[in-house]
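Numbering (the UniProt record's numbering), first residue to last: 1 to 132.
Below is one structure, written out as structure tokens, with a few remarks after it.
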């Protein structure tokens, strides 16, 4: 999936997000997100509001059900409904999948909240690198 050009760090200092540069080819990972907790209801609104406007309105979010605690099937974010899905797929346990109708799908690596900054930085940099 492609992304809008993004500086290495998100513009919001409290949002720990790095996105891969825009490219014409699909990528297996489109960036990395380092939430501060596994509380999806608290963490999701800042993530969605920090995404590039070019991504459009994300209407569906899928997380690993074994990692994230149960959450309601939908929530209101910026006055818009976002459907939440918990998958038990072992193929991508450390990702969050964002869907925006007519715009695309983005897969972000989720760096566990308890990861140290020293360990998180290389993971986030690798996920957002130009290398595919």
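Glycine included, each C-beta is placed from N, C-alpha and C at the ideal position.
For clarity, every value in this text was computed on a predicted model and none was experimentally measured.
Start-end ranges of the alpha helix (DSSP H) lying completely within the segment 16-95, minimum 4 residues: 40-49
Inter-residue CB distance, residue 47 and residue 68 (contact presumed, cutoff 8 angstroms): Residue 47 to residue 68, Cβ: 13 angstroms. No contact.
Which of helix, strand or coil DSSP assigns to residue 100: strand
CA nearest to the CA of residue 62, picked from 78, 53 and 82: 82
Sub-8 angstroms separation of residue 41 and residue 75 beta-carbons: yes
Proximal residues to residue 80 (C-beta, below 7 angstroms), its chain only, five neighbours per side dropped: 57
Bridge-paired residues (DSSP) for residue 109: 32 and 95
8 angstroms Cβ cutoff met for residue 14 and residue 108: no
When 59, 122 and 72 are compared against residue 101, the one with the closest alpha-carbon: 59
N- and C-terminal bounds of the alpha helix (DSSP H) containing residue 128: Per DSSP, residue 128 belongs to no alpha helix (DSSP H) and is neither H nor E.
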